[in-house]
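Numbering (the numbering used here), first residue to last: 4 to 136. Using N, Cα and C, we set each Cβ at its ideal position, and we do this for glycine too. Owing to the predicted nature of the structure, the values given are computational and were not obtained by experimental measurement. Okay, so here's the structure we're looking at.
Take a look at the structure:
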């Protein structure tokens with residue numbers, strides 16, 4: 004499965020496709036030089052080829068010159084980096100997210116409490132007898 008995943012970044016390819024897509028910038032990045040030149044000469048296939056590539060890159064199905072898919076959004080993603088392994092990092096991230104959910108829930112309760120206190124209607128102070136009618 005990991006042999007099918009390219010070392011190149013899908014995020015970089017998407018940025019290049021957005022900025023230089025009609026000139027085949029993302030294809031040059033992926034090592035597809037011939038199709039990059041063709042895309043530059045046809046101005047992104049009059050925009051249709053470029054639009055197709057944008058959709059394919061976003062979906063994670065774009066392939067490099069060695070027919071490997073560009074799956075990682077960034078080159079050194081901590082969740083998929085081969086040196087770290089994916090499962091321990093994923094568990095650590097999920098634990099952190101659970102802890103943050105608890106803290107956000109507690110903050111939400113405090114904000115609700117303060118809103119209830121501030122929303123209580125307070126009676127105005129009584130006027131002295133001389134100012135009453």
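Closest residue to residue 24 among 10, 11, 51 (Cα-Cα distance): What you label residue 24 is simply residue 21 of the chain shown in a count that begins at 1. Each of 10, 11, 51 was checked against the Cα of residue 24, and the nearest Cα belongs to 51.
Nearest-angstrom Cα separation, counted from residue 108 out to residue 118: For the purposes of this step, residue 118 is taken as residue 115 along the chain shown, with counting starting at 1. For the purposes of this step, residue 108 is taken as residue 105 along the chain shown, with counting starting at 1. A direct Cα-Cα distance of roughly 15 Å separates residue 118 from residue 108.
Start-end ranges of the alpha helix (DSSP H) lying completely within the segment 29-106, minimum 4 residues: As summarised for the segment 29-106, the continuous alpha helix (DSSP H) elements at least 4 residues long and confined to that stretch are 36-44, 46-49, 51-62, given in chain order.
Alpha carbon of residue 68 to alpha carbon of residue 40, nearest angstrom: Sequence index remark: in the chain shown, residue 68 carries index 65 (1-based). Sequence index remark: in the chain shown, residue 40 carries index 37 (1-based). Cα atoms of residue 68 and residue 40: separation of roughly 14 Å, rounded to the nearest angstrom.
Between the CA atoms of residue 57 and residue 76 - distance to the nearest angstrom: Position 73 of the chain shown, counted from the start, is the residue given in the question as residue 76. Position 54 of the chain shown, counted from the start, is the residue given in the question as residue 57. Rounded to the nearest angstrom, the two C-alpha atoms are 14 Å apart.
Range covered by the alpha helix (DSSP H) that runs through residue 14: Stepping through the chain shown from its first residue, residue 14 is reached at position 11. 13-23 is the span of the alpha helix (DSSP H), which, as asked, contains residue 14.
Beta-carbon proximity check, residue 60 vs residue 20, cutoff 7 Å: Position 57 of the chain shown, counted from the first residue, corresponds to residue 60. Position 17 of the chain shown, counted from the first residue, corresponds to residue 20. For residue 60 and residue 20, yes; Cβs fall inside 7 Å.
Closest by C-alpha distance to residue 26, when choosing among 37, 65, 134, 44: Start at 1 with the first residue of the chain shown, and residue 26 comes out as number 23. By alpha-carbon distance to residue 26, the top candidate from 37, 65, 134, 44 is 44.
Buried or exposed by the 16-neighbour rule on C-beta atoms within 10 Å, applied to residue 86: Position 83 of the chain shown, counted from the start, is the residue given in the question as residue 86. Here the model assigns residue 86 a pLDDT of 48, short of 50, so the residue's position is not dependable, and the following value carries that caveat. Burial call: exposed.
Candidates 127, 74, 101: closest to residue 33 by CA position: In the chain shown, counting from the first residue as 1, residue 33 sits at position 30. Among 127, 74, 101, the Cα nearest to that of residue 33 belongs to 74.
Straight-line gap, residue 115 to residue 121 (C-alpha atoms, nearest Å): Walking along the chain shown from the start, residue 115 turns up at place 112. Walking along the chain shown from the start, residue 121 turns up at place 118. When the Cα atoms are used, residue 115 and residue 121 turn out to be separated by approximately 10 Å.
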